[in-house]
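J.: One structure, as structure tokens, below. Some questions next.
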Amino acid sequence: MIRLPDSLVRHLFEPLWDRYEGSVRLATLARLRQSQWRSRAEIEAGQNLLLRQLVSHAAATSPFYRSRFAKAGIEPSAVRSIADLADLPLLTKDDVREHRDRIVSTAYRPDQLVLAKTGGSTGVALRVYCDRKGIQLRAGAALRADEWSGWRLGQPLASIWGNPPRPVTLKNKVRRLVKDRVIYLDTMHIDDQAVDDFLAEWRTMRPGLLYGHAHSIFILCEILRSSGISLNPSGVVATSMMLIESERRVIEEVCGIKVTNRYGCEEVSLIACECEEHRGMHLNADHNIVEFLRDDGTACAPGEDGRIVVTELINRGMPMLRYEVGDRGVPSDRDCPCGRGLPLMEHLTGRVADFLVATSGHRVAGISIIENTLTRLPGIAQMQVIQAEARLLQVNLVPGSEYGRETESALIASLQDYLGDEVQVRVEQVAAIPQEESGKYRFTICRV
Ligand SMILES: [Zn+2]
-13 MIRLPDSLVR
-3 HLFEPLWDRY
7 EGSVRLATLA
17 RLRQSQWRSR
27 AEIEAGQNLL
37 LRQLVSHAAA
47 TSPFYRSRFA
57 KAGIEPSAVR
67 SIADLADLPL
77 LTKDDVREHR
87 DRIVSTAYRP
97 DQLVLAKTGG
107 STGVALRVYC
117 DRKGIQLRAG
127 AALRADEWSG
137 WRLGQPLASI
147 WGNPPRPVTL
157 KNKVRRLVKD
167 RVIYLDTMHI
177 DDQAVDDFLA
187 EWRTMRPGLL
197 YGHAHSIFIL
207 CEILRSSGIS
217 LNPSGVVATS
227 MMLIESERRV
237 IEEVCGIKVT
247 NRYGCEEVSL
257 IACECEEHRG
267 MHLNADHNIV
277 EFLRDDGTAC
287 APGEDGRIVV
297 TELINRGMPM
307 LRYEVGDRGV
317 PSDRDCPCGR
327 GLPLMEHLTG
337 RVADFLVATS
347 GHRVAGISII
357 ENTLTRLPGI
367 AQMQVIQAEA
377 RLLQVNLVPG
387 SEYGRETESA
397 LIASLQDYLG
407 DEVQVRVEQV
417 AAIPQEESGK
427 YRFTICRV
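Mapping of the sequence shown onto our numbering: position 339 corresponds to residue 325, and the numbering continues sequentially without gaps.
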């Protein structure tokens, strides 16, 4: 592959591509670079303005919301802020599955919408549309978050995914050569040859950003570390929600810089991302309103773990008002030392489907279990805990060189400590933890 100078791509090909596509992507990036420094109050005023516009648009053009507003007794013109929507039922994944065509705005023709399909933790695909301008606005916000990692527009990318997309059409091949400039490592087929090929491409392209699921980046870095090879990107962005501390350290050792943890989903795009301070994740408040709710539906206090509910303000093709993402996280009222006015989320607690249930009935975040066993006990390279029945845990474990009876006993004791003494633990040694179809890894799976 030919490597064009970064400045040429940044100043010529990137803007030309937007002009060719009639896209507001880079204009959005320029706007968001400015708006991130506005005060909290100014950002909130901007959110409320977009919310009022979206609510009136949804009431006028979405049959689903028209009847929801009426049933909830909400007068669309009276909505001034998200608090005015407290009586609007949450938009669940089941709602999206059952009523998708009625949620879509009648102001858009099918060819003006882009489909995003998600795997979904239940295995049933969820299909969500976004209008073309919304896609461009999302892309602009993603670029700003990419820049927080240290990457600069115009630098090539290295993407670590399962089943990465390959350019097929001529347009996409040209785009890959002059603009996107991405090299891929497919984590579905990772072996010595694949890593060698990837490294050869890396040396030619010298990517500025290493990007992918946290655990996939970790697997690559673990292989490189054992061979004494280091990488030198300007930024590392981990997009999987489970960035395990021990894995983070390996990635940072191999790449020589801090990992930028990011959180989002296909349905509403980027939700939160760390800045260069790495002290919590900034909410993408220019484009979203994020609520953290208790189980009774009231708002969490700062520092209190709750269900994450997102209203995406920029998708007019298929308005997503109070969408329950299926994850839990902790809101914050801290100011970030970086000075940005975008509010912070302390951290993500995990995917609801990844919480295990203790015999006493309380739920335990999968990541806490993994971090307190995998990281602390010697000889566990990787593990996955599946709660097959209320009192039965299946542990798939990749043993390291120090693994032995003592570790196994300690592991079982620790899991029983978390979930209850009556819980039976079956440990099975495996060669690798399998990925899901999307290339994502799940460290805990709750089937009860
Ligand atoms: Zn910050």
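Even for Gly, the Cβ is constructed at its ideal location relative to N, Cα and C.
1. Grab me the residues of Leu129's own chain with a C-beta within less than 6 Å of its C-beta, minus the 5 sequence neighbours each way, in chain order.
2. Nearest-angstrom Cα distance between Ala396 and Gly386?
3. Threshold first: 3 residues or longer. Then list the beta strand (DSSP E) segments lying entirely within the region 309 to 372, N to C.
4. What residues does ligand 1 have around it, judged by CB closer than 6 Å to any heavy atom, in chain order?
5. Go through its chain and collect everything with a Cβ distance to Pro(-7)'s Cβ below 8 Å, but skip five positions before and after it.
6. What alpha helix (DSSP H) runs, 4 residues minimum, are completely inside the region 148 to 184?
7. Please work out which residues of its chain come closer than 8 Å, Cβ to Cβ, to Arg412, disregarding the five sequence neighbours upstream and downstream, and give them in chain order.
8. Which residue from Ile121, Leu112, Ile89, His85 puts its Cα closest to that of Val100?
9. Would you list the one or two residues that DSSP bridges to Met228?
10. Just the Cα atoms here: how many angstroms apart are Thr361 and Glu233?
11. If you count every other CB in all the chains shown that lies within 10 Å of the CB of Ile215, and 16 or more means buried, which is it?
12. Whether or not the region 291 to 310 and the region 264 to 282 are in contact is what I'm after, with contact meaning three or more pairs of Cβ atoms, one per stretch, closer than 8 Å; do they touch?
13. In three-state terms, what does DSSP make of Val276?
14. Note down the Cα distance separating Arg83 from Ile419, rounded to an integer number of angstroms.
15. Looking only at C-alpha atoms, which of Gly425, Arg433, Ile431 sits nearest to His201?
16. By alpha-carbon positions, which one of Gln402, Leu405, Ile(-12) ends up nearest to Trp188?
17. Please say whether Pro142 and Thr193 have beta carbons closer to each other than 9 Å?
18. May I have the straight-line CA-CA distance separating Lys159 from Glu252, to the nearest angstrom?
T.: According to the data block:
1. Residue mapping note: residue 129 aligns to position 143 of the sequence shown, counting from 1. Around Leu129: Leu15.
2. By one-based count along the sequence shown, residue 396 stands at place 410. By one-based count along the sequence shown, residue 386 stands at place 400. When rounded, the distance between both Cα atoms is 15 Å.
3. 330 to 337
4. Cys261, Glu263, His268, Cys322, Cys324, Arg326
5. Against the sequence shown, residue -7 aligns to sequence position 7. First, the residue type needs correcting, since residue -7 is Ser and not Pro in the sequence shown. Answer for Ser(-7): Gly140, listed in chain order.
6. List check, alpha helix (DSSP H) in window: 156 to 161.
7. Taking the sequence shown and counting its residues from 1, the one referred to as residue 412 is at position 426. Only Leu378, Leu379, Gln380, Val381 meet the Cβ criterion.
8. The residue labelled residue 100 in the question sits at position 114 within the sequence shown. Nearest C-alpha to Val100: Ile121.
9. Sequence index remark: in the sequence shown, residue 228 carries index 242 (1-based). Partner(s): none; Met228 has no beta bridge.
10. For the purposes of this step, residue 361 is identified with residue 375 of the sequence shown, where counting begins at 1. For the purposes of this step, residue 233 is identified with residue 247 of the sequence shown, where counting begins at 1. Near 9 Å, if we compare the C-alpha coordinates of Glu233 and Thr361.
11. If you number the sequence shown from 1, residue 215 lands on position 229. Exposed is the call here.
12. yes
13. Stepping through the sequence shown from its first residue, residue 276 is reached at position 290. Correct three-state label for Val276: strand.
14. The residue labelled residue 83 in the question sits at position 97 within the sequence shown. The residue labelled residue 419 in the question sits at position 433 within the sequence shown. Those two C-alpha atoms are separated by around 30 Å.
15. One-based indexing of the sequence shown puts residue 201 at position 215. Closest option to His201, Cα to Cα, is Gly425.
16. For the purposes of this step, residue 188 is taken as the residue at position 202 of the sequence shown. Here the closest residue by C-alpha is Ile(-12).
17. The sequence position of residue 193 within the sequence shown is 207, counting from 1. The sequence position of residue 142 within the sequence shown is 156, counting from 1. A small fix is needed here, since residue 193 is Pro in this sequence, not Thr. In contact: Pro193 and Pro142 (Cβ atoms closer than 9 Å).
18. Position 173 of the sequence shown, counted from the start, is the residue given in the question as residue 159. Position 266 of the sequence shown, counted from the start, is the residue given in the question as residue 252. Between Lys159 and Glu252, the C-alpha separation is close to 24 Å.
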